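Colleague: Sharing a structure here in structure tokens format.
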Amino acid sequence: MKTIKLAVSLLILSVVLPGCAVIRQGDVGVKRTLGKISKREVQPGLTFYNPFFTTILRVPTRTTNIEIRMDLPSKEGLNVKADISILYHVNERKATDVIATIGKDFETSMILPVFRAAASDVTAKYMAKDMHSGNRLGIENEIRNTMAELLEPRGFVIEAVLLKTIQLPPGLYRAIEEKLEAEQDAERMKFILQREKLEAERKLVEAQGIRDANKLISEGLTPAILQYKTIEAYRELSRSPNTKIIIGSGNQPIIMQP
């Protein structure tokens with residue numbers, strides 16, 4: 001009797017288990033029954049289906065990173081080798097449309113061809129050195145926006161395009177370094193000239209101040225004031241303990257010291 005129950009249980013399990021699927025977080029399921037795609041996505045969790053007529057395709061909706069290396073054309077006709085990351089995910093509300101219109105191999109048939117076309121069109125508008133400078137972020141955003149315009153209506157969200165490694169043609173690195181050095185030298189010389197100009201202006205102001213002060217002093221010293229100042233000076237000298245004789249000669253006294 002126990003053997004019969006076990007056999008029945010195994011038979012039931014063999015029928016039920018193939019019709020049971022678990023959809024993980026970060027995925028959605030797409031049901032295909034007799035070749036027809038269901039219009040509703042299967043949300044994460046446990047789901048049951050008829051294994052004889054229906055299959056469930058798992059479509060990842062979490063962020064996917066595609067690593068690619070390719071030659072990017074530049075405005076001057078050079079080929080710039082680049083390591084690039086494409087970050088994207090499938091819109092979970094359009095997963096059934098993606099499978100119905102593109103299929104499961106959407107990276108090869110849709111994402112990568114659109115990226116290659118967008119990247120080539122965008123970088124061809126820039127000089128090779130721009131891909132290695134502060135313009136890189138602008139190039140990345142322009143490629144992403146071009147891809148998004150084509151792919152988002154088809155059910156894909158392009159999160160970012162990252163130009164990670166840029167390998168410029170031989171000789172171009174040195175040319176860029178020389179240009180940067182020349183720009184730094186020009187900025188340094190500009191600073192020196194500006195400093196010298198400010199120093200010259202300072203000295204001019206100082207000289208003008210001294211000249212104006214002397215002018216005021218000379219204009220204010222009348223003969224009477226000069227004579228008074230002279231008398232005051234000699235009076236102070238006469239008070240010195242080392243002064244022995246004061247002899248007046250004309251208008252100016254003479255002070256004799258031992």
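Counting from 1, one number per residue, gives the positions in the sequence shown under full-length UniProt numbering.
Heads up, the beta-carbon is just placed ideally off N, CA and C, and yes, glycines get one too.
Just so we're clear, the structure is a prediction, and the values are computed from it rather than from any experiment.
1. Once DSSP output is grouped into helix, strand and coil, what is the label at Cys20?
2. CA-CA distance, Cys20 and Thr55?
3. With contact counted as at least three CB pairs below 8 Å, one residue from each stretch, are the segment 155 to 172 and the segment 75 to 90 in contact?
4. Spatial neighbours of Glu140 within its chain, please: C-beta separation below 8 Å, excluding the five flanking residues on both sides.
5. Tell me whether Val15 sits in a helix, a strand or coil according to DSSP, three-state version.
6. Can you list, in chain order, the residues of its chain with a C-beta nearer than 7 Å to that of Pro73? Leave out the 5 residues immediately preceding and following it.
7. Leaving out five residues on either side along the sequence, give the residues of the same chain with a beta carbon under 6 Å from the beta carbon of Met110.
8. Helix, strand or coil for Pro60, going by three-state DSSP, please let me know.
9. On the premise that Ile37 lies in contact with Val28, defined as a C-beta separation below 8 Å, what is that separation, rounded to the nearest angstrom?
10. Note the first and the last residue of the continuous beta strand (DSSP E) segment covering Arg32.
11. According to the neighbour-count rule (16 or more other Cβ atoms, all chains shown, within 10 Å of its Cβ), is Leu137 buried or exposed?
12. Here's a check: name, in chain order, each residue in its chain whose Cβ is nearer than 6 Å to the Cβ of Asp97, leaving out the five neighbours to either side.
13. Considering only residues of the segment 138 to 176, which uninterrupted alpha helix (DSSP H) runs meet the minimum length of 4 residues and lie entirely inside it, listed in chain order?
14. Tell me whether Leu48 sits in a helix, a strand or coil according to DSSP, three-state version.
15. Once DSSP output is grouped into helix, strand and coil, what is the label at Leu78?
16. Got a sec, what are the start and stop residues for the beta strand (DSSP E) Ile102 sits in?
17. For Val157 versus Val59, is the C-beta spacing smaller than 9 Å?
18. Smallest Cα separation from Arg40: which of Ile192, Ile99 and Met131?
19. How many Å lie between Leu168 and Gly77 at the Cα?
20. If you check the beta carbons only, do Asn68 and Val42 fall under 9 Å apart?
21. What are the start and end residues of the alpha helix (DSSP H) that includes Arg116?
22. Can you have a look at Lys197 and say buried or exposed, based on whether 16 or more other CB atoms are within 10 angstroms of its CB?
23. For Ser38, does the three-state DSSP call read helix, strand or coil?
Modeller: Here's the rundown:
1. Counted from its first residue, the sequence shown places residue 20 at position 20. Of the three classes helix, strand and coil, the one that applies to Cys20 here is strand, per DSSP.
2. As a first step, residue 20 must be located in the sequence shown, where it is residue number 20. As a first step, residue 55 must be located in the sequence shown, where it is residue number 55. Cα to Cα, the separation comes out at about 10 Å.
3. yes
4. By 1-based counting over the sequence shown, the position of residue 140 is 140. For Glu140, where only same-chain residues beyond five positions count, the Cβ hits under 8 Å are Ala160, Val161, Leu162 and Leu163.
5. To locate residue 15, count along the sequence shown from 1; it is residue 15. At Val15, the pLDDT of 46 sits below 50, so the modelled position is not reliable and the matter cannot be decided from this model.
6. For the purposes of this step, residue 73 is taken as residue 73 along the sequence shown, with counting starting at 1. Excluding residues within five positions, the ones whose Cβ falls inside 7 Å are Asn79, Ser120, Thr123 and Ala124.
7. What you label residue 110 is simply residue 110 of the sequence shown in a count that begins at 1. Here the set comprises Ile102.
8. Numbered from its first residue, the sequence shown carries residue 60 at position 60. Reduced to three states, the DSSP call for Pro60 is strand.
9. As a position in the sequence shown, residue 28 is number 28, starting the count at 1. As a position in the sequence shown, residue 37 is number 37, starting the count at 1. Val28 to Ile37, Cβ: 13 Å. No contact.
10. To locate residue 32, count along the sequence shown from 1; it is residue 32. From DSSP, the beta strand (DSSP E) with Arg32 extends over Asp27 to Thr33.
11. As a first step, residue 137 must be located in the sequence shown, where it is residue number 137. Label assigned to Leu137: exposed.
12. As a first step, residue 97 must be located in the sequence shown, where it is residue number 97. Taken in chain order, the residues that qualify are Gly155.
13. Counting only runs of 4 or more, we get nothing.
14. To locate residue 48, count along the sequence shown from 1; it is residue 48. The amino acid occupying residue 48 in the given sequence is Phe; Leu does not appear at that position. Strand.
15. Reading the sequence shown from its first residue, position 78 is the one you call residue 78. Leu78: coil per DSSP, three-state reduction.
16. To locate residue 102, count along the sequence shown from 1; it is residue 102. It is not in any beta strand (DSSP E) - Ile102 carries neither H nor E in the DSSP assignment.
17. Counted from its first residue, the sequence shown places residue 157 at position 157. Counted from its first residue, the sequence shown places residue 59 at position 59. Cβ distance not < 9 Å, so Val157 and Val59 don't count as in contact.
18. As a first step, residue 40 is located in the sequence shown; it is residue number 40 there, counting from the start. With distances taken between CA atoms, Arg40 lies nearest to Ile99 out of Ile192, Ile99 and Met131.
19. Within the sequence shown, numbered from 1, the residue matching residue 168 stands at position 168. Within the sequence shown, numbered from 1, the residue matching residue 77 stands at position 77. Those two C-alpha atoms are separated by around 12 Å.
20. Walking along the sequence shown from the start, residue 68 turns up at place 68. Walking along the sequence shown from the start, residue 42 turns up at place 42. Strictly speaking, residue 68 in this sequence is Ile, with Asn absent from that position. No, they are not a contact pair.
21. Counting from one through the sequence shown, the residue named residue 116 turns up at place 116. Per DSSP, Arg116 belongs to the alpha helix (DSSP H) from Leu112 to Thr123.
22. In the sequence shown, counting from the first residue as 1, residue 197 sits at position 197. Classification of Lys197: exposed, given that the 10 Å Cβ count is below 16.
23. As a position in the sequence shown, residue 38 is number 38, starting the count at 1. In the three-state reduction of the DSSP assignment, Ser38 falls in the strand class.
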